[in-house]
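Worksheet: the structure to be examined is printed underneath.
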Amino acid sequence: MTIICNQHKFQYEVECVCKMFFPCTRFGHEYDSTDFDRDDILITRQKQGNTHTYLLVIFKWNGKLYRAHKVVENQRAQKQHCEEQLCTALYEVLTKATGLQVQWGIMTGVRPAKYMTYLMKRGKSMPQIRREFRDRYLVSDQKIDLVERTAKNQFEIIGSSRENSYSLYISIPFCPSRCNYCSFVSSSIAGAKARNLIQPYVEHLCRELAYIAEQAKALGLRLESIYIGGGTPTTFSAEQLKQLTDAVREYFLCDTVREYTIEAGRADTITEEKLQVILRSGATRISINPQTFHDEVLRGIGRKHTAQQVIDCYRLAKKLGFTDINMDLIAGLPGDTLESFQRTIDTAIGLDPTNITVHALSVKRSSSLYTVNGLDESLKQAQTVKMVDYAYRALTKQGYEPYYMYRQKNTLQNLENVGYCKQGYEGLYNIFIMEELHTILAAGAGGVSKLIRPGCDKVQRIFNFKYPFEYLKDFDEILKRKDAISEFYGQIL
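When we follow the working numbering, the leftmost residue of the sequence shown carries the number 920, and every step to the right adds one.
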């Protein structure tokens, strides 16, 4: 599909709206073109008259022509208003052409709850905020309800972050095998080459942690939460896991730490010995992630364990004394049906974890689900909207509340990921990173540190090398880049 932008510079915003209706589609771009005699072409145009600005959208698709326009008085024709009106016209055209009702309207941002919190802090009433979401961004009442509930549940935690607060993320980029929906930087340890990288990776990771800790201490930063994720941290042996958690204990554990999460992850990597290491490490929260409780779906996505193994791991963790456990589930997986997903939700609720996170499947270009023609036809037919709606109803009925949420590109039916929890078990790190409340210092391959100045929307990023072999090869460069932490805080402290 070709997008033509005539006399405006809203290419990014136009493409974002298009992706909500056509996920995983490759778009061509042309500017100020008059070559309209083609099919599968989207023409967007801004024309300024003497008193008004005219915004036009024409969509030629499957042999049919669709159009919409908006007229803005020139005195109101600021860039943002024109952009929103053009996107509104585009939304109307694509809704008519495809028959899809996209529940997020023209709101393409990753963090809708952050925007609602911003409006709340500015003193706007909830009826005013709801009107803005509905009338300005065309968000459905159902999604506005979700954002409002989420924003209210995290509001107190947002206020608890201090000016010198930070959280720590530790990346473990290894998995026993690669799931076919995965786009993360992780190496399968099925091959000896990747397995041989693990021990030197652990040793270098501990060195990086020591370097970060030294800077944070010198700057007087206050550590709020720790998150060890992946990948699958339990691909490490019990001894390697202990080596890492011992370093975390030595360099970071202190009385300011309010939460310490370790992703135990996949059932085919979890053992009692590893759970004991995690329990003794001081971790307060773990994740045991089934994704689905349907064995056929698990096999289809490349998982090497059964649903019963997940249940057994969960029960073992409970028996050992873990009291705060999250479970990740995914709506829209290949081969899943509405009925089997409902059984997954019901099974998770029956196990009674403190946290259940429901993701809508996001198909990234680096995953094997992405085809040269875009989204696989079977995924287009997935009943993901009904799955997500059922999860919301079933979980809230059982006392689980949405407490954080975010959105991704190329998500089925333009849906969202939502963390639900029982009262008092909100995952602090999830809120801190999604709402960009304070600095996140990241260690390990693929880790991205986000340096945040309180009250400022601008985020400064420090990138680690993506892959384990790069991380090991150019480790000195990674430590050198971390010096930007001191430089950043030297400007504001």
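We treat Cβ as the ideally placed atom computed from N, Cα and C, and that holds for glycine.
Item	Value
Give me, in chain order, the residues of the same chain whose beta-carbon lies closer than 8 Å to that of Tyr1233; leave out the 5 immediate sequence neighbours on both sides.	Ile1207, Ile1244, Met1246, Leu1270, Pro1272
What distance in whole Å lies between the Cβ atoms of Ile1205 and Gly1175, which are believed to be in contact at a cut-off of 8 Å?	Here the sequence assigns Thr to residue 1175, which means Gly is not the residue at that position. Actually they do not touch by this definition, with Cβ atoms about 21 Å apart.
On the CB-based measure, 16 or more other CB atoms within 10 Å of its CB, does Arg1049 come out buried or exposed?	buried
Closer than 6 Å by C-beta to Ile1268: which residues in its own chain qualify, once you throw out the five before and the five after it? Chain order, please.	Gln1317
My understanding is that Arg1168 touches Gly1201, with C-beta atoms under 8 Å, so please give their C-beta distance in whole angstroms.	6 Å
For Ala1070, I'd like the list of residues in its chain whose CB is within less than 6 Å of its CB, leaving aside the five on either flank, ordered along the chain.	Ala1032, Met1035, Thr1036
Assign Ser952 to one of three DSSP states: helix, strand, or coil.	coil
State buried or exposed for Asn1349, treating a residue as buried only when at least 16 other CB atoms are found within 10 Å of its CB.	buried
What separation, rounded to the nearest whole angstrom, lies between the Cα atoms of Gln1004 and Ile977?	14 Å
What span of residues does the alpha helix (DSSP H) with Lys983 cover, start to end?	First-last for Lys983: 983-992, but that is the beta strand (DSSP E), not the alpha helix (DSSP H).
Would you mind listing the beta strand (DSSP E) stretches within the segment 1062-1117 that are 3+ residues and don't spill past its ends, in chain order?	1084-1091
Here's a check: name, in chain order, each residue in its chain whose Cβ is nearer than 8 Å to the Cβ of Arg986, leaving out the five neighbours to either side.	Leu975, Val976, Ile977, Phe978, Val1012
Measuring straight from C-alpha to C-alpha, what distance separates Gly1221 and Ser1090?	22 Å
In terms of alpha-carbon separation, which member of Gly1018, Pro1253, Leu1334, Leu1391 lies closest to Tyr1419?	The requested residue 1419 is not part of the displayed model; the chain covers only 920 to 1412.
Work out the CA separation of Phe1260 and Val1291 for me, nearest whole Å.	For Val1291, the predicted structure reports a pLDDT of 46, less than 50, and the residue's modelled location is therefore unreliable. A value from the coordinates is still provided. Whole-angstrom Cα-Cα distance: 28 Å.
Does the structure place the segment 1179-1197 close enough to the segment 1153-1165 that three or more beta carbon pairs sit under 8 Å?	yes
Grab the span of the beta strand (DSSP E) containing Pro1321 for me, first residue to last.	1320-1325
Within the same chain, show all residues whose beta-carbon is closer than 8 Å to that of Lys1237, passing over the 5 residues directly before and after it, in chain order.	Ile1244
In angstroms with no decimal places, state the Cα-to-Cα distance between Thr1276 and Thr1211.	12 Å
Counting only beta-carbon atoms, is Tyr1386 nearer than 8 Å to chain B?	This model lacks chain B altogether, as it is built from one protein chain only.
For Gly1219, name the three-state secondary structure that DSSP assigns.	helix
Would you decide whether Arg945 is buried or exposed? Buried here means 16 or more other CB atoms lie within 10 Å of its CB.	exposed
Do you know whose CA, among Gly982, Asn1274, Glu992, lies nearest Leu971's CA?	For the sequence presented, residue 971 should be read as His rather than Leu. That would be Glu992, whose Cα lies nearest to the Cα of His971.
Does DSSP classify Val1291 as helix, strand or coil?	At Val1291 the pLDDT is 46, less than 50, meaning the model places this residue with poor confidence; the figure from the coordinates comes in the next sentence. Three-state result, Val1291: coil.
Are Glu1133 and Ser1084 close, meaning C-beta to C-beta below 8 Å?	no
Roughly how many whole angstroms lie between the Cα atoms of Met920 and Pro1046?	39 Å
Residue ranges of each alpha helix (DSSP H) run of no fewer than 4 residues wholly in the segment 966-1052, ordered along the chain?	998-1017, 1031-1040, 1045-1050
Find the nearest neighbour of Arg1068 within the set Met1039, Arg1081, Lys1401, judged by alpha-carbon distance.	Met1039
Would Ile1147 and Glu1182 be called neighbours here (beta carbons separated by less than 8 Å)?	yes
Check whether the segment 1016-1032 touches the segment 949-963, taking contact to mean three or more Cβ pairs, one atom from each stretch, closer than 8 Å.	no
Could you tell me the boundaries of the beta strand (DSSP E) in which Met1353 lies?	Premise fails: Met1353 lies in the alpha helix (DSSP H), 1347-1353, not in any beta strand (DSSP E).
Let me know the secondary structure DSSP gives Met1306 once reduced to three states.	helix
Considering only their Cβ atoms, is the gap separating Arg964 from Asn925 smaller than 8 Å?	yes
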